[in-house]
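Reviewing the structure listed below.
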Amino acid sequence: MNSDTSSLLRRRERLLGSAYSLFYREPLHLVRGEGVWLYDANGRKYLDMYNNVPHVGHCHPRVVDAMCEQAALLNTHTRYLHENVLDYAERLTAKLPDELDTAMFCCTGSEANELALRIARSVTGARGVIVTDYAYHGNSQATWEISPEDCSDEHRPDYVVTVPSPDRYRGRYRGDDAGERYAAHVQDAVDVLAERGIKPAAFIIDTIVSSGGVVVPPVGYLSKAAATVRQAGGLFIADEVQPGFGRTGKNFWGFAAEPVVPDIVTMGKPMGNGHPVAGVVTRADLAAALAGKGGYFNTFGGNPVSCAAALAVLDIIEEEALQQNALRVGQHIADALRKLSDRHECIGDVRGNGLFIALELVTDREQRLPAAALASATVNDLRDRGVLTGSIGPDNNVLKLRPPMVLSRADADFMLGVLDRSLEAGTDM
Ligand code: PMP
16 MNSDTSSLLR
26 RRERLLGSAY
36 SLFYREPLHL
46 VRGEGVWLYD
56 ANGRKYLDMY
66 NNVPHVGHCH
76 PRVVDAMCEQ
86 AALLNTHTRY
96 LHENVLDYAE
106 RLTAKLPDEL
116 DTAMFCCTGS
126 EANELALRIA
136 RSVTGARGVI
146 VTDYAYHGNS
156 QATWEISPED
166 CSDEHRPDYV
176 VTVPSPDRYR
186 GRYRGDDAGE
196 RYAAHVQDAV
206 DVLAERGIKP
216 AAFIIDTIVS
226 SGGVVVPPVG
236 YLSKAAATVR
246 QAGGLFIADE
256 VQPGFGRTGK
266 NFWGFAAEPV
276 VPDIVTMGKP
286 MGNGHPVAGV
296 VTRADLAAAL
306 AGKGGYFNTF
316 GGNPVSCAAA
326 LAVLDIIEEE
336 ALQQNALRVG
346 QHIADALRKL
356 SDRHECIGDV
366 RGNGLFIALE
376 LVTDREQRLP
386 AAALASATVN
396 DLRDRGVLTG
406 SIGPDNNVLK
416 LRPPMVLSRA
426 DADFMLGVLD
436 RSLEAGTDM
């Protein structure tokens, strides 16, 4: 570690405290980004296979220009009339099923989920929330409480009940009926809430369960889970903070893999390409539940600069055909990873949709035992070789490949070559 890095580390520890964490054995000091590449303070470049926030590429000039132009003209809030928030609401709702016609804006995914909870509770008069068992939905008090990844069993309030993440690789149901069987746990959760005298306000799920290890919900799961919670009087909230905006390739939203329309869709991360933009889209009758209860205002949410950035992101997704790119390049990566598994015993599973891919590492293919140490060593080794990824999942043995959507086939091939060499070396780690 050079002296600049050490001094930044010391300052950071002193100024930001111990709750913050850093990636990599050798932390990175990044100073510039362009497209799928990030540059450190020494000018070394890294292929970004991890970050989904710079959706249309780091520092895309059109997003930068749109923000600069609007920032130089006016930036206020939604208590004045302005076209940008309406233009964006129109464009965004056009990307969703017809019934989802009302948009509300905020700045982070946590705020979006917090607002979704408020709507669900106002509409249903209930407070129970059903979540998957390793979910992450945010950092505020209410969203932390519904995030079992961070909020452990002993801190979980009585109104939160978990259901198993619908994992077909290492989870309890692996056959063709996995969707049906996993979804049956939503009814169990409703029953547990009932024993506590609590009714469900909502079932919320990250529609590609990222923190559960990039789990793709099996066929039928989302539809049946939604029907079950609705039957019990609750709403279905699709958290699209990660899968949304075309990442999954075939569809613009993760939930669209199933014939189901959520009651509330929450979104964030990629919306502003790094500028903090997030939102909730729901039906007008559901949003109206807040009208008599203090209404809704968010000082920064939906401001003209944020909406200019978000409009530019939508333009670029469409004009550069990035959803189609995610489908094509994602499929190429998944196929190549499956081929690599012939050479590397440690590859247990390759799954995902579009440019949201999991590479699950195991110590034993037969028993599917998690290779957490190898995953951590591989993530660090890839970083040293110029490719940025991360590991995730309850056992931290899943490599998460979730790059900016402008990743080309050539970029993917570069990553695959580096990964092959790293896994080759990893057998001796
Ligand atoms: N939902 C999901 C599925 C997320 O992955 C995240 C962030 N990792 C959030 C919500 C919270 O978003 P934010 O960090 O913008 O508050």
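Going by the numbering used here, the residue at position 390 of the sequence shown is 405; the numbering climbs one at a time, nothing skipped. Cβ atoms here follow ideal geometry from the backbone N, Cα and C, with glycine treated the same way.
Nearest neighbour of ILE220, chosen from VAL230, LYS214, GLY50, GLY212 [CA to CA]:
VAL230
Helix or strand or just coil, what does DSSP make of ASN128?
helix
By the three-class DSSP mapping on this structure, what secondary structure does TYR54 have?
strand
Please classify ASP443 as buried or exposed, where buried requires at least 16 neighbouring CB atoms within 10 angstroms.
For ASP443, the predicted model reports a pLDDT of 46, less than 50, meaning its position is unreliable; a value from the coordinates is still stated below. The residue is exposed, with fewer than 16 neighbouring Cβ atoms inside 10 Å.
When you compare only the Cα positions, how much space is there between GLY72 and LEU89?
26 Å
Measure the Cβ-Cβ separation of GLY289 and VAL146 and say whether it is below 7 Å.
no
Tell me, which residues are paired with CYS121 by DSSP?
ALA293
Spatial distance of SER180 from SER167 (CA atoms)
16 Å
Cβ-heavy atom distance, VAL256 to the ligand PMP, below 6 Å
yes
Could you spell out where the beta strand (DSSP E) holding VAL175 opens and where it closes?
175-178
For the beta strand (DSSP E) holding ILE332, just list the boundary residues, first then last.
Looking at the DSSP string, ILE332 is not in any beta strand (DSSP E); the run it does join, the alpha helix (DSSP H), is 319-334.
How long is the line joining the alpha carbons of ARG424 and ALA351, rounded to whole angstroms?
11 Å
Is the closest heavy atom of the ligand PMP to the C-beta of SER125 under 6 Å?
yes
Who are the Cβ neighbours of PHE429 in its own chain at under 7 Å, not counting the five residues just before and after it?
LEU62
Could you spell out the range, first to last residue, of the alpha helix (DSSP H) harbouring ILE219?
Run containing ILE219: none in the alpha helix (DSSP H); it sits in the beta strand (DSSP E), 215-221.
Throw me the rounded Cβ distance for the GLU114 and ARG298 pair, which I believe falls under 8 Å.
5 Å
Cβ of HIS44 within 6 Å of any heavy atom in the ligand PMP?
no
If I measure Cβ to Cβ from PRO419 and keep anything under 8 Å in the same chain, skipping five residues before and after, which residues do I get?
GLY50, VAL51, ASP63, ASN66, ASN67, PRO69, HIS70, VAL71, GLY72, HIS73
Where do the N-terminal and C-terminal ends of the alpha helix (DSSP H) with THR243 fall, by residue?
236-246
For VAL365 versus ALA349, is the C-beta distance shorter than 7 Å?
yes
Using CA coordinates, which residue listed in SER437, VAL402, GLY432, ASN411 is at the minimum distance from TYR54?
VAL402
Segment contact flag, the region 235-245 with the region 147-163, C-beta cutoff 8 Å, min 3 pairs:
no
Among LYS415, ILE407, LEU326, ARG398, nearest to LEU370 - alpha-carbon criterion
LYS415
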